[in-house]
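Each residue of the sequence shown is one higher than the last, beginning at 15 in my numbering.
We treat Cβ as the ideally placed atom computed from N, Cα and C, and that holds for glycine.
Below is one structure, written out as structure tokens; the observations come after it.
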Amino acid sequence: MSIDSLCPAPTVVALLPHLQAVLFDLDGTLLNTAPDLIAACQAALHAHHLPLGDESAIRGQLTSGMRAMLSAALGQKAHAPGMAQMIEGPLRDSFAAYYQSHICVHTAPFVGIDKLLTFLDDAKIKTGVITNKYYRMAKPLLAHFPCTEHLSLLLGGDSCTHAKPHPEPLLTACARLQVDPAYTLYVGDHLNDIKAAKAAGCISCCALWGYGALECGDPLKWQSDLYVKDAHELYQLIATYLAL
């Protein structure tokens with residue numbers, strides 16, 4: 015089975031014309047943050063006189079956090095005596111400090127995101143971002159992009175007791191926005207996004223343009239309600255069903 019052959023289930027099709035909100039993951043879904051995250055990881059290694067990591071290895075852990083990216087970059091060296099403490103402490107601190115001061119050097123919205131967010135705002139569909147990125151990093155990052163100024167909500171990985179794949183962030187967002195989870199679409203590129211959406215009773219949408227497949231394997235096995243190849247396809251899908 016291919017992505018092209020997948021069609022929304024009838025139960026999902028029945029919900030889409032009544033869509034109340036579209037919520038997004040951040041890294042790999044709204045914004046292409048990979049270049050700045052990789053640069054921060056390499057800068058942390060360099061600051062501690064360690065060899066730079068393989069970029070493809072780092073890219074495979076982009077959605078798993080700083081520790082996972084550092085471990086991937088170090089490869090077998092990550093298992094050397096004392097390195098776990100280095101990753102947990104000095105290396106992670108250097109990564110965070112560099113990233114916060116270089117948070118939007120090369121980061122940009124994925125193609126079509128500007129148009130999609132403008133369309134949703136004009137259609138009076140509520141929008142928000144739910145990310146596992148720390149709020150203190152996500153907030154200033156989003157501020158760089160005018161297309162995100164109409165977002166109604168931002169929840170970071172530290173905004174709730176639990177982070178994705180737990181449903182709490184999505185349920186919290188729906189409660190704050192006063193929308194029904196059943197009529198809320200959650201768009202993400204990672205398996206944890208799809209799990210969180212399903213657990214919260216939201217409509218799950220897999221963003222195939224993101225990073226998740228590098229870490230989680232074949233997206234077809236995630237059993238998302240919807241699959242979209244790019245933001246324009248998502249725009250067309252929502253526009254079609256809202257017109258029904």
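Bridge-paired residues (DSSP) for residue i
i, result
"Ile144", "Leu169"
"Pro22", "Pro22 pairs with nothing; no bridge assigned."
"Pro123", "Leu45"
"Ile260", "Outside the modelled stretch of the chain, which goes from 15 to 258, sits residue 260, for which no answer is possible."
Residue i, enclosing alpha helix (DSSP H) - first and last residue
i, result
"Leu265", "Not covered by the structure: residue 265. The range shown for the chain is 15 to 258."
"Leu134", "Ile127 to Asp136"
"Ser85", "Met80 to Leu88"
"Phe109", "Arg106 to Ser115"
"Leu156", "Tyr149 to Leu156"
"Lys262", "This structure leaves residue 262 out entirely; the chain is present only between 15 and 258."
"Ile72", "Glu69 to Arg73"
"Leu76", "Note, Leu76: premise wrong, no alpha helix (DSSP H); not H, not E."
"Gln250", "Ala245 to Leu256"
"Ala177", "Counting along the chain, Ala177 falls outside any alpha helix (DSSP H), and DSSP gives it neither H nor E."
"Ala94", "No alpha helix (DSSP H) contains Ala94, which DSSP labels as neither H nor E."
Unbroken beta strand (DSSP E) run spanning residue i, endpoints
i, result
"Thr198", "Thr198 to Gly202"
"Tyr225", "Premise fails: Tyr225 is in no beta strand (DSSP E) and is neither H nor E."
"Ala35", "Ala35 to Phe38"
"Leu240", "Leu240 to Val242"
Nonlocal neighbours in the same chain, by C-beta distance under 7 Å from residue i, ignoring five residues either side
i, result
"Tyr249", "Gly126, Lys129, Leu130 and Phe133"
"Tyr11", "With the chain represented from 15 up to 258, any question about residue 11 goes unanswered, as that position is not in the structure."
"Cys174", "Glu182, Pro183 and Thr186"
"Thr77", "Asp41, Gly42, His204, Tyr225, Gly226 and Glu229"
"Asp207", "Asp39, Lys178 and Tyr200"
6 Å Cβ shell around residue i - same chain, five flanking residues per side excluded
i, result
"Ala210", "Lys178, Pro179, Pro181 and Leu184"
"Ala214", "Pro181, Leu184, Leu185 and Pro195"
Own chain partners of residue i with C-beta closer than 8 Å, once the 5 adjacent residues on each side are dropped
i, result
"Leu66", "Gln56, Leu59, His60 and Ala87"
"Arg81", "Ile101, Glu102 and Arg106"
Residue environment, residue i, which counts as buried when at least 16 other CB atoms sit within 10 Å
i, result
"Ala245", "buried"
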